[in-house]
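Undergrad:
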Amino acid sequence: EAQVTQNPRYLITVTGKKLTVTCSQNMNHEYMSWYRQDPGLGLRQIYYSMNVEVTDKGDVPEGYKVSRKEKRNFPLILESPSPNQTSLYFCASSLFRNGEQYFGPGTRLTVT
Amino acid sequence: EDQVTQSPEALRLQEGESSSLNCSYTVSGLRGLFWYRQDPGKGPEFLFTLYSAGEEKEKERLKATLTKKESFLHITAPKPEDSATYLCAVQATDTGTASKLTFGTGTRLQVTL
């Protein structure tokens, strides 16, 4: 089954404790993105990747890091999480630059 | 700066009562307009892509249309299972090699018996 998977689905952590949210897709897609979704603000892009080792900032990259060492994986790293990073996070992938994006199930992160 | 505004924020319909959701957008040049459906606790699910004014696409009870300033998602004779949040997103032509989407905040649709 074609899908985007994220782990963990739920995470509660404390300020400053480094964490990684994994994202994997099995569709051989070139493009991958991370979004955060907050009430009243909609989905906002954090980082995106056009291919292995090629990444760039989206609209809200502060406090986040990404890497793309393999085509299928695109982890999101929070080196020192803060409470304002409490949010619902989605990973997405697409085959083409202007093609439809396929979203993962989401990771709900709470930083206390 | 690209902007997407969706209205209404919430809509309650009775089963069979047709209506339309609106997506107004401001973008320097439109590469594509996307409609997604999002169920509670899940990721957005792709519905349609529209590329140019005048284009229309249909899927079951849903029909999406596009003008130069807005898009409509028409829902004909909705059923309770159509209840969800509907998201509109645009991709601008000046995103270079990126696959960046700018999303609206969505319309939360509830269809009752």
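Residue numbers (this note's numbering), protein chains in the order written: chain A, 660 to 771; chain B, 251 to 363.
C-beta atoms are modelled at their ideal positions from N, C-alpha and C, and glycine is treated no differently.
A quick note: this is a predicted structure, and the numbers were derived from the prediction, not measured.
(1) Is the beta carbon of L300 (chain B) closer than 8 Å to that of C338 (chain B)?
(2) How long is the line joining the alpha carbons of G758 (chain A) and R727 (chain A), rounded to whole angstroms?
(3) When DSSP labels each residue in this structure, what does T679 (chain A) get in the three-state scheme?
(4) Would you kindly report the start and end of the unbroken beta strand (DSSP E) that includes R311 (chain B)?
(5) Residues of the region 730-745 of chain A with a CB closer than 8 Å to any CB of chain B: list them in chain order, please.
(6) Determine, using beta carbons only, whether P294 (chain B) comes closer than 8 Å to chain A.
(7) What separation, rounded to the nearest whole angstrom, lies between the Cα atoms of M709 (chain A) and L271 (chain B)?
(8) CB-CB under 8 Å to A303 (chain B), same chain, minus the five flanking residues each way: which ones, in chain order?
(9) Once you ignore the five residues that flank L363 (chain B) on each side, which residues in its own chain have a CB closer than 8 Å to its CB?
(10) Determine whether the beta carbon atoms of E306 (chain B) and A314 (chain B) lie at a separation below 8 Å.
(11) Taking Cβ positions only, does G279 (chain B) come closer than 8 Å to chain A?
(12) Scan the region 327-338 of chain B for residues whose Cβ lies nearer than 8 Å to a Cβ of chain A and list them as they occur along the chain.
(13) Would you kindly check if the distance between the Cβ of A334 (chain B) and the Cβ of Q288 (chain B) is under 8 Å?
TA: Reading off the structure:
(1) Counting from 1 along the second sequence, the entry for residue 338 (chain B) is found at position 88. Counting from 1 along the second sequence, the entry for residue 300 (chain B) is found at position 50. Cβ distance not < 8 Å, so C338 (chain B) and L300 (chain B) don't count as in contact.
(2) Within the first sequence, residue 758 (chain A) is the residue found at index 99, counting from 1. Within the first sequence, residue 727 (chain A) is the residue found at index 68, counting from 1. The straight-line gap from Cα to Cα measures roughly 20 Å.
(3) Along the first sequence, read from residue 1 onward, the residue named residue 679 (chain A) stands at position 20. Strand, per DSSP.
(4) For the purposes of this step, residue 311 (chain B) is identified with residue 61 of the second sequence, where counting begins at 1. Careful: R311 (chain B) lies outside any beta strand (DSSP E) and carries neither H nor E.
(5) Of all residues in the region 730-745 of chain A, none has a Cβ within less than 8 Å of some Cβ in chain B.
(6) In the second sequence, counting from the first residue as 1, residue 294 (chain B) sits at position 44. P294 (chain B) counts as touching chain A.
(7) Numbered from 1 along the first sequence, position 50 holds the residue referred to as residue 709 (chain A). Numbered from 1 along the second sequence, position 21 holds the residue referred to as residue 271 (chain B). Here the alpha carbon of M709 (chain A) sits roughly 32 Å from the alpha carbon of L271 (chain B).
(8) Here the question's residue 303 (chain B) lines up with position 53 in the second sequence. Answer for A303 (chain B): L316, T317 and K318, listed in chain order.
(9) In the second sequence, counting from the first residue as 1, residue 363 (chain B) sits at position 113. The residues are Q264, E265 and P330.
(10) Along the second sequence, read from residue 1 onward, the residue named residue 306 (chain B) stands at position 56. Along the second sequence, read from residue 1 onward, the residue named residue 314 (chain B) stands at position 64. Contact flag set, yes.
(11) Along the second sequence, one-based indexing puts residue 279 (chain B) at 29. It does not; no Cβ of chain A falls within 8 Å.
(12) Taking 8 Å as the cut-off between beta carbons, the residues of the region 327-338 of chain B near chain A are L337, in sequence order.
(13) Your numbering for residue 288 (chain B) matches position 38 in the second sequence. Your numbering for residue 334 (chain B) matches position 84 in the second sequence. Yes, these two residues count as a Cβ contact at 8 Å.
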